[in-house]
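Throughout, this note's numbering is defined as the position within the sequence shown, counted from one, plus 4. For each residue, glycine too, the CB sits at the ideal point set by N, CA and C. If you're wondering where the values come from, they're calculated on a predicted model, not measured in any experiment.
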Amino acid sequence: MLNFTFFNPVKLLFGKGQIAQLAVEIPRTARVLMTYGGGSIKTNGVYDQVMAALSQHTVLEFGGIEPNPRLETLLKAVDLIRREKIDFLLAVGGGSVLDGTKFIAAAVPFEGDPWDILAKQSPISAALPLGTVLTLPATGSEMNSVSVVTKEATQEKLFFSHPLVFPRFSVLDPEATFSLPACQIGNGIVDAFTHTMEQYLTYPADAPLQDRLAESILLTLIEEGPKTLADPTDYAARANVMWCATLALNGLIGAGVPQDWATHMIGHELTALHELDHARTLAVVLPGVLAVQRGGKQAKLLQYAERVWGITSGTAEERMEQAITRTRQFFEAVGVPTRLSAYGVSSDTIPVVVERLVSRGMVALGENRDLGPEGVRQALALSL
Numbered sequence: 005m006l007n008f009t010f011f012n013p014v015k016l017l018f019g020k021g022q023i024a025q026l027a028v029e030i031p032r033t034a035r036v037l038m039t040y041g042g043g044s045i046k047t048n049g050v051y052d053q054v055m056a057a058l059s060q061h062t063v064l065e066f067g068g069i070e071p072n073p074r075l076e077t078l079l080k081a082v083d084l085i086r087r088e089k090i091d092f093l094l095a096v097g098g099g100s101v102l103d104g105t106k107f108i109a110a111a112v113p114f115e116g117d118p119w120d121i122l123a124k125q126s127p128i129s130a131a132l133p134l135g136t137v138l139t140l141p142a143t144g145s146e147m148n149s150v151s152v153v154t155k156e157a158t159q160e161k162l163f164f165s166h167p168l169v170f171p172r173f174s175v176l177d178p179e180a181t182f183s184l185p186a187c188q189i190g191n192g193i194v195d196a197f198t199h200t201m202e203q204y205l206t207y208p209a210d211a212p213l214q215d216r217l218a219e220s221i222l223l224t225l226i227e228e229g230p231k232t233l234a235d236p237t238d239y240a241a242r243a244n245v246m247w248c249a250t251l252a253l254n255g256l257i258g259a260g261v262p263q264d265w266a267t268h269m270i271g272h273e274l275t276a277l278h279e280l281d282h283a284r285t286l287a288v289v290l291p292g293v294l295a296v297q298r299g300g301k302q303a304k305l306l307q308y309a310e311r312v313w314g315i316t317s318g319t320a321e322e323r324m325e326q327a328i329t330r331t332r333q334f335f336e337a338v339g340v341p342t343r344l345s346a347y348g349v350s351s352d353t354i355p356v357v358v359e360r361l362v363s364r365g366m367v368a369l370g371e372n373r374d375l376g377p378e379g380v381r382q383a384l385a386l387s388l
């Protein structure tokens, strides 16, 4: 097992009716800015629950944070916060709203161009406190310190991470997800699955507990994910998927093991160029990356084949190929296409993605830093 430091200060309030706890989790004297996305929280009852819980608080609103939150929009919130002297942020929505709000929290006290937090990894020394109410289980942003933001003007999608933007608390009520459209449910399943794979499917590190924790998340998503699509109000299935998504990226399964993240780096470029949903880029990229990197990943890919998919017969090559195929089939089964052509994206985008990665110095991706430009080309070509 590799050396590691594990730190996660987020308080989780999980289950039915937990939105009411906002009344005690946010200081009564706080000036609160509630951030949200396109407004679905005003039709599914979440907005009303939040406002009822905060009836004794001063609450301002900032809506319109996009999927793949845009810098240009988030900076408007920064201006509002500075003008209105807001001192607490409450993100209500999915991962994009949460990610965007983390950036806002860091940008408000930042001196200089806030984009430098992402583009130059400029250090931050302060951030506004924030809490979250999760309405879309997918990214794990409710229990981590990562934020991913897109700059529309330059078509760049970048990330930063800092302990100061851990949420103080996160409310996870599975009932808040009942009204989600099927495409977003599928996206969330794929997102959580791929987050797990980025930390699990690398090379053996004598970490059997982390392996089995990761495998349990994958197996639960395979079993419970389709139930959420078949019956959107299946509380038990929604609760299980929601908890999987949180555990997939709260630092636990990645402690003491090598991590990959090549699929994410490539996927971010596809999102920035074509405005594809984040999870859909992961569904496209992951099978190709596994195929190209199967040599270095062989031991774990065979373990994945056996423990997750029950594949035990055939040569090593055949078992690895079956495991990759089953992964692609699972993504397709939850409604997430795994081919670029399904999104109207042609092979012309491949050299553009490679060039953008190279321009950012990302010429050695993966846990072994051995996925170079040619490997990225091959991985994307396998998913045309």
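In the displayed model, E160 falls within a strand according to three-state DSSP. Distance from A27 to T154 at the Cβ level is roughly 34 Å; contact not present, criterion being Cβ atoms closer than 8 Å.
Our two residues, I23 and L251, have alpha carbons roughly 20 Å apart in a direct line.
V137 counts as buried, since no fewer than 16 other beta carbons sit within 10 angstroms of its beta carbon. Counting C-beta atoms within 10 angstroms of its own C-beta, M324 has 16 or more neighbours from the protein chains shown and is therefore classed as buried. Rounded to whole angstroms, the gap between the alpha carbons of F8 and Q263 is 12 Å.
Residue burial annotation: T316 is exposed, with fewer than 16 other C-beta atoms found within 10 angstroms of its C-beta. The bridge partners DSSP lists for A95 are T39, T136. In the structure shown, the three-state DSSP call for E336 is helix. Scanning the region 55-114 for uninterrupted beta strand (DSSP E) segments of 3 residues or longer gives 62-66, 92-97, listed from N- to C-terminal end.
Contact between the region 37-57 and the region 190-201 is absent, with fewer than three C-beta pairs closer than 8 Å. Exclusion of the five residues before and after A287 leaves V194, F335, V340, T342 as the residues of its chain whose Cβ lies within less than 6 Å of its Cβ.
Rounded to whole angstroms, Q333 and R298 show a C-alpha spacing of 18 Å.
Counting C-beta atoms within 10 angstroms of its own C-beta, A130 has fewer than 16 neighbours from the protein chains shown and is therefore classed as exposed.
Taken in chain order, the complete alpha helix (DSSP H) segments of 4 residues or longer contained in the region 259-332 are 266-278, 282-296, 302-313. The Cβ atoms of R360 and E273 sit closer than 9 Å to each other. Closest in C-alpha terms to K15, from the list L223, L6, M5, E29, comes E29.
Annotation for T154: the continuous beta strand (DSSP E) segment containing it runs 150-155. Apart from the 5 residues on each side of it in sequence, L205 sits with its Cβ closer than 8 Å to the Cβ of D264, L294, K301, K304, L305, Y308 in its chain, given in chain order.
When the Cα atoms are used, L217 and N72 turn out to be separated by approximately 29 Å.
Residue G271 holds the alpha-carbon nearest to the alpha-carbon of V356 among D210, G271, L37, Q60. Nearest C-alpha to L388 among G370, S174, A56, S345: S345.
Around the beta-carbon of R373, fewer than 16 other beta-carbon atoms lie within 10 Å, marking it exposed. Residue environment for V362: exposed (fewer than 16 other C-beta atoms within 10 angstroms of its C-beta). Looking at the DSSP output, F10 sits in no beta bridge, so it has no partner there. F173 has K15, G135 as its beta-bridge partners, per DSSP. Fully enclosed alpha helix (DSSP H) runs of no fewer than 4 residues occupy 212-234, 239-252 of the region 191-271, in order along the chain.
For S145, the three-state secondary structure derived from DSSP is helix.
Residue nearest to V296 within the set T353, D235, A385 is A385 (criterion: CA-CA distance). With a threshold of 16 other beta carbon atoms within 10 Å, L64 falls short and is exposed. Rounded to the nearest whole angstrom, the C-alpha separation of A209 and V261 is 6 Å. For L375, no alpha helix (DSSP H) run applies, since DSSP gives it neither H nor E.
Between A180 and G370, the CB-CB gap reaches or exceeds 9 Å. When E310, L17, K161 are compared, the shortest CA-CA separation from P178 is found for L17.
For T285, the number of other beta carbons within 10 angstroms of its own is at least 16, and it is reported as buried. For F11 against P141, the beta-carbon gap comes to about 23 Å, at or over 8 Å, which does not count as contact.
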